[in-house]
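Step one of this worksheet: look at the structure below.
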Amino acid sequence: MKLHRYIPMTPQNEADMLAVVGASSIEDLFKDIPAAVRYQGTLPMSEMLDEYALTRHMGQLAGRNADTDRYTSFLGAGIYDHHVPSVINHVISRSEFYTAYTPYQPEISQGELQAIFEFQSYICELTGMAVANASMYDGATALAEAASLAASATGRTKIVAFSTIHPEARAVVRSYARGLNLEVVEVAYGDGVTDISALAEVLDDQTAAVLVQSPNFFGGIEGIRAAADLAHEKGALLVVSTNPISLGLLEAPGKLGADIVVGDAQPLGISMSLGGPTCGFFAVSQAQMRRMPGRIVGQTKDRDGKRGFVLTLQTREQHIRRDKATSNICSNQALLALSASVYMSIMGKQGMIDVADLNIQKAHYAAQKLSSVAGLKLTFQSPFFNEFVITLPEGTSAAELNLKLLEQGVIGGYDLGLSYPELSGHMLFAVTEKRTKSEIDQLATQLEASL
Amino acid sequence: MINETVTTTNTDTPSTATASNELIGAVIKEKALIFELSQPGRVGYSLPECDVPRVETSSVIPQEMLRSESAALPEVYEVDVIRHYTELSRLNFGVDNGFYPLGSCTMKYNPKINEDVARYAGFAKIHPYQPETSIQGALEMLHTLQNDLAALTGMDAVTLQPAAGAHGEWTGLMMIRAYHEKRGEHRTKVIVPDSSHGTNPASATVAGFQTITIPSNEKGLVDLEALRAAVGPDTAALMLTNPNTLGLFEEQITKIAQVVHEAGGLLYYDGANSNAIMGITRPGDMGFDVVHLNLHKTMSTPHGGGGPGAGPVGVKNKLLPFLPEPVVEKKEDGSYTLRSGSPDSIGRVKAYYGNFGILVRAYTYIRTYGPEGLRRVSECAVLNANYMMHRLKDHYIMPYDNVCKHEFVMSGKGLKQYGVRTLDVAKRLLDFGYHPPTVYFPLNVEECIMIEPTETESKETLDAFIDTMIQIANEAKETPELVINAPYTTVVKRLDEATAARKPVLNCACS
Numbered sequence: 001m002k003l004h005r006y007i008p009m010t011p012q013n014e015a016d017m018l019a020v021v022g023a024s025s026i027e028d029l030f031k032d033i034p035a036a037v038r039y040q041g042t043l044p045m046s047e048m049l050d051e052y053a054l055t056r057h058m059g060q061l062a063g064r065n066a067d068t069d070r071y072t073s074f075l076g077a078g079i080y081d082h083h084v085p086s087v088i089n090h091v092i093s094r095s096e097f098y099t100a101y102t103p104y105q106p107e108i109s110q111g112e113l114q115a116i117f118e119f120q121s122y123i124c125e126l127t128g129m130a131v132a133n134a135s136m137y138d139g140a141t142a143l144a145e146a147a148s149l150a151a152s153a154t155g156r157t158k159i160v161a162f163s164t165i166h167p168e169a170r171a172v173v174r175s176y177a178r179g180l181n182l183e184v185v186e187v188a189y190g191d192g193v194t195d196i197s198a199l200a201e202v203l204d205d206q207t208a209a210v211l212v213q214s215p216n217f218f219g220g221i222e223g224i225r226a227a228a229d230l231a232h233e234k235g236a237l238l239v240v241s242t243n244p245i246s247l248g249l250l251e252a253p254g255k256l257g258a259d260i261v262v263g264d265a266q267p268l269g270i271s272m273s274l275g276g277p278t279c280g281f282f283a284v285s286q287a288q289m290r291r292m293p294g295r296i297v298g299q300t301k302d303r304d305g306k307r308g309f310v311l312t313l314q315t316r317e318q319h320i321r322r323d324k325a326t327s328n329i330c331s332n333q334a335l336l337a338l339s340a341s342v343y344m345s346i347m348g349k350q351g352m353i354d355v356a357d358l359n360i361q362k363a364h365y366a367a368q369k370l371s372s373v374a375g376l377k378l379t380f381q382s383p384f385f386n387e388f389v390i391t392l393p394e395g396t397s398a399a400e401l402n403l404k405l406l407e408q409g410v411i412g413g414y415d416l417g418l419s420y421p422e423l424s425g426h427m428l429f430a431v432t433e434k435r436t437k438s439e440i441d442q443l444a445t446q447l448e449a450s451l
Numbered sequence: 001m002i003n004e005t006v007t008t009t010n011t012d013t014p015s016t017a018t019a020s021n022e023l024i025g026a027v028i029k030e031k032a033l034i035f036e037l038s039q040p041g042r043v044g045y046s047l048p049e050c051d052v053p054r055v056e057t058s059s060v061i062p063q064e065m066l067r068s069e070s071a072a073l074p075e076v077y078e079v080d081v082i083r084h085y086t087e088l089s090r091l092n093f094g095v096d097n098g099f100y101p102l103g104s105c106t107m108k109y110n111p112k113i114n115e116d117v118a119r120y121a122g123f124a125k126i127h128p129y130q131p132e133t134s135i136q137g138a139l140e141m142l143h144t145l146q147n148d149l150a151a152l153t154g155m156d157a158v159t160l161q162p163a164a165g166a167h168g169e170w171t172g173l174m175m176i177r178a179y180h181e182k183r184g185e186h187r188t189k190v191i192v193p194d195s196s197h198g199t200n201p202a203s204a205t206v207a208g209f210q211t212i213t214i215p216s217n218e219k220g221l222v223d224l225e226a227l228r229a230a231v232g233p234d235t236a237a238l239m240l241t242n243p244n245t246l247g248l249f250e251e252q253i254t255k256i257a258q259v260v261h262e263a264g265g266l267l268y269y270d271g272a273n274s275n276a277i278m279g280i281t282r283p284g285d286m287g288f289d290v291v292h293l294n295l296h297k298t299m300s301t302p303h304g305g306g307g308p309g310a311g312p313v314g315v316k317n318k319l320l321p322f323l324p325e326p327v328v329e330k331k332e333d334g335s336y337t338l339r340s341g342s343p344d345s346i347g348r349v350k351a352y353y354g355n356f357g358i359l360v361r362a363y364t365y366i367r368t369y370g371p372e373g374l375r376r377v378s379e380c381a382v383l384n385a386n387y388m389m390h391r392l393k394d395h396y397i398m399p400y401d402n403v404c405k406h407e408f409v410m411s412g413k414g415l416k417q418y419g420v421r422t423l424d425v426a427k428r429l430l431d432f433g434y435h436p437p438t439v440y441f442p443l444n445v446e447e448c449i450m451i452e453p454t455e456t457e458s459k460e461t462l463d464a465f466i467d468t469m470i471q472i473a474n475e476a477k478e479t480p481e482l483v484i485n486a487p488y489t490t491v492v493k494r495l496d497e498a499t500a501a502r503k504p505v506l507n508c509a510c511s
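The listed protein sequences correspond, in order, to chains V and E. Under the working numbering, the first residue of the first sequence is numbered 1, with each subsequent residue one higher. Under the working numbering, the first residue of the second sequence is numbered 1, with each subsequent residue one higher.
In structure tokens, the structure reads:
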């Protein structure tokens, strides 16, 4: 028998324990499994490696990926290359946090519960909403759950989605809508943002929700207040998906009439990790509090009158309501919500303003710089946050251009033709606080040389 | 970091097993919220300089789109932040703090190498939309993991995209729905046993199905007659956990599969309890058509205080066309690619490619053990559970005292005569430094206590816990108030959950 570093069972333990159980072998403990379904032989899986060989193997796999320690990235499109303060990894590496389960036993989970309560508080502050939950899988599923909430709140079945919403988030909304038998109608975009007149055309009294993303997939800032007014006129809810880091400077959606605000907290100190795990956030107006999906932490008192925190409003949830629950979600992204909380704690009131400002400054400089390269132009003229679209010269392949940039140590922009066929030959560039003037200038030079 | 403004008079002594409520007049210390530490003008951040020519913000973004007042976030410096969260961590209990026999959650040790590896820049600092040529190592890892999980479960293909178990359930049910629809069949019902996880019926609802719950038989297993009576031309699927939530293997699984398949339905395997069967039996061989695994349970990825997890889904060939997009494939030239565009796909279930960072950890875990090691994991998990069940059966009621798999349930109803409930037993365990087992689940066992030791706990740990459980059973008889008023040693006493739900205070309302 091979001994293993995570398994303490010695041959003596095994013999002693089997004697207590009254079994002659471990095999005896599996006698209730019919022979017909017993697996014979060794599973055809990857072989065991010792710890050193495993670190080498994983290092080799990792080494074949172009990471942002070695490459300069101008890629965003929903996942952003922001600076992650050192403090965050130290906090989320505390194993009291990361090796715990959902805080079902509040007396020994006050740390996690308070951390989630603070996360909810942060999200409410940023979004301008009354209540927030403990987090969702990601921004895309949070948006889909928002559509579901709106349908149940209004008793209506039509979801109106701006086509400037992240293509993958729209796809996830469509998948959930199919399950819930909801119809999804998309609104065409104009100059990089949505014309409110186009929204008016598709709204009707069967519309449960209008879904808006701002800053949108092109980086553009949508007219949230006008959309909210129109939606409310028809009795629909307004759902805003937003980039939390933009809210250091952009108006809180809650102040503009949003009923539900969701988004992905990845920009708040969460590593890109090929797109996951990230952390969705979900905030609503007071009226929708008891329809929220997911875990919620509330403040209360213990028997001595001391402040404490518990999971609350659980009668919404699957473990109580089963098929009548507001959602099937059972987990949340607690550890990444903690990352986001630590990020917001470190940044604080002024840091959140400053980082949003740096993104705006550097992105606008980059937009001006790139559009001054012969053959390139800024596609849309509407206001944007830290991303913008560039029109490439006729016949230029964005994919090939990106391969040329990669050879020069640069991860280029997103090829918009992949999700908007009419925007083939257009690239979406993201510029965060990490990019320097010289990196931006160099990108312009490299693009000029590559065209 | 004590909030000096909120103090009350008395607290109880820390208690050992024999201690009672003795007042020592200590000041109750409340942990401050991070917001309460704020001092105007303090900063904790360091950002790059603005090295580009500045533009006036309102000249590029209209004033009405800008914040009218800044968010009321705290103003603290880095030391505040570290001390605050370090102190919070000390108010929390994880697997690294001690035994955590939370049934159905598989709270095994979370290996440290997994944490290191997931933080390698080549995994943590890569973007989902980079050119495929620049993420070949990541795609190879995903492809290998897909194959490994398919082999482990006996399925033909695996999608790694679902973010959690419940998300995997919904993904699997959407594929089942698409499968029936493609065949022109309108099947609207999903059958679950009364011992099933709450997520099963909830996922069925979100996938557009109605749930039929069937009772278990006296052995705690699926009642075949009840199942036969429940299936019909409207049956889309049966969802089953095997071993089930009582820790019992469904011995009649092949007959169950036959009944469902003959009715035209499919079999869904809730993989929450996979830690019992690795290398011993496979859902695919039992007749299941769809399987989800909880990598945060079986594959040791940390639970993170509630997430992130990962819930990959395996399917048999007949469901291949319906897999969510994209799928990781190996091309003839040996390179890896992400393929989308299958016309019958259920579409996207999550942005990007699943919880990649969790998948890296799970793959590392699989390579730590290999197939023989994983089999040993299940063997030891099952022996540990049986050992505990046998040592506790004279002290607690065992509704099903035959052989169990990786977990077992017992009932605390024998203590009710002393006025002690299962919840009280759970709270008393806190005073001994344990995380309590799962309580009041599954619903078909009165005053249920569900214990899952996992393979990573030693006999000494199990013995000490068992002795404590026996002691608490004795306390319940002799000094029931001691149990009913527990815990004594925790940072807070039992909390008023009713008021929390009736008058919700869900944020600090700082602004």
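C-beta atoms are modelled at their ideal positions from N, C-alpha and C, and glycine is treated no differently. Just so we're clear, the structure is a prediction, and the values are computed from it rather than from any experiment.
Determine, for residue i, whether the minimum Cβ-Cβ distance to residues of chain V falls below 8 Å.
{"i": "E/N474", "result": "no"}
{"i": "E/G94", "result": "yes"}
{"i": "E/V492", "result": "yes"}
{"i": "E/Q136", "result": "yes"}
{"i": "E/S20", "result": "Because E/S20 sits at a pLDDT of 38, beneath the cut-off of 50, its placement in the model cannot be relied upon, and the following sentence gives the value as read from the coordinates. No, E/S20 lies away from the interface with chain V (no Cβ there is under 8 Å from its Cβ)."}
{"i": "E/M107", "result": "yes"}
{"i": "E/Q130", "result": "yes"}
{"i": "E/T298", "result": "no"}
{"i": "E/L224", "result": "no"}
{"i": "E/D424", "result": "no"}
{"i": "E/F356", "result": "yes"}
{"i": "E/R187", "result": "no"}
For residue i and residue j, what's the separation of their Cα atoms in angstroms?
{"i": "V/E153", "j": "V/V261", "result": "Per the sequence presented here, residue 153 of chain V reads as Ala, with Glu not at that position. Distance between the alpha carbons of V/A153 and V/V261 is about 15 Å."}
{"i": "E/S89", "j": "V/R316", "result": "28 Å"}
{"i": "V/M344", "j": "V/S331", "result": "23 Å"}
{"i": "V/D452", "j": "V/A366", "result": "What is shown of chain V runs 1 to 451, which leaves residue 452 of chain V out entirely."}
{"i": "E/S574", "j": "V/D259", "result": "In the structure as shown, chain E begins at 1 and stops at 511. Residue 574 of chain E is therefore absent and cannot be evaluated."}
{"i": "V/V187", "j": "V/M352", "result": "32 Å"}
{"i": "E/Y120", "j": "V/L61", "result": "10 Å"}
{"i": "V/V131", "j": "E/C508", "result": "10 Å"}
{"i": "V/A200", "j": "V/K301", "result": "49 Å"}
Tell me, please, whether the CB atom of residue i is closer than 8 Å to any CB atom in chain A?
{"i": "V/E201", "result": "The structure shown contains no chain A; the protein chains it does contain are V and E."}
Output yes if chain E places a C-beta closer than 8 Å to the C-beta of residue i; else output no.
{"i": "V/A265", "result": "no"}
{"i": "V/A132", "result": "yes"}
{"i": "V/I390", "result": "no"}
{"i": "V/I159", "result": "no"}
{"i": "V/K255", "result": "yes"}
Check whether the region 106-120 of chain V touches the region 303-321 of chain V, taking contact to mean three or more Cβ pairs, one atom from each stretch, closer than 8 Å. yes
Give me the subset of the region 28-49 of chain V whose CB atoms are less than 8 Å from a CB atom of chain E, sorted by chain position. D28, L29, F30, K31, D32, I33, P34, A36, V37, R38, Y39, T42, L43, P44, M45, S46, E47, M48 and L49
If contact is defined by three or more beta carbon pairs under 8 Å, each pair taking one atom from either stretch, is the region 373-386 of chain V in contact with the region 29-42 of chain V? no
With three or more C-beta pairs closer than 8 Å as the rule, is the region 235-248 of chain E touching the region 391-411 of chain E? yes
Using a Cβ-Cβ cutoff of 7 Å, what residues of the region 326-339 of chain E are near chain V? List them in chain order. none
Whether or not the region 377-384 of chain E and the region 449-468 of chain E are in contact is what I'm after, with contact meaning three or more pairs of Cβ atoms, one per stretch, closer than 8 Å; do they touch? yes
Okay, do the region 137-154 of chain V and the region 204-215 of chain V touch, 3+ Cβ pairs below 8 Å being the bar? yes
Jot down the residue ranges of each uninterrupted alpha helix (DSSP H) in the region 179-253 of chain E, minimum 4 residues, whole runs only, in chain order. 199-206 and 224-230
How about the region 474-493 of chain E and the region 443-451 of chain E: do they share at least three Cβ pairs that are nearer than 8 Å? no
Would you say the region 206-215 of chain E touches the region 257-277 of chain E, given that touching needs at least three Cβ pairs under 8 Å? no
Closer than 9 Å, Cβ to Cβ, to anything on chain V: give me those residues from the region 401-428 of chain E, in chain order. N402, V403, C404, K405, A426 and K427
Ordered list of beta strand (DSSP E) runs contained in the region 327-414 of chain E, each at least 3 residues: 327-330, 336-339 and 408-411
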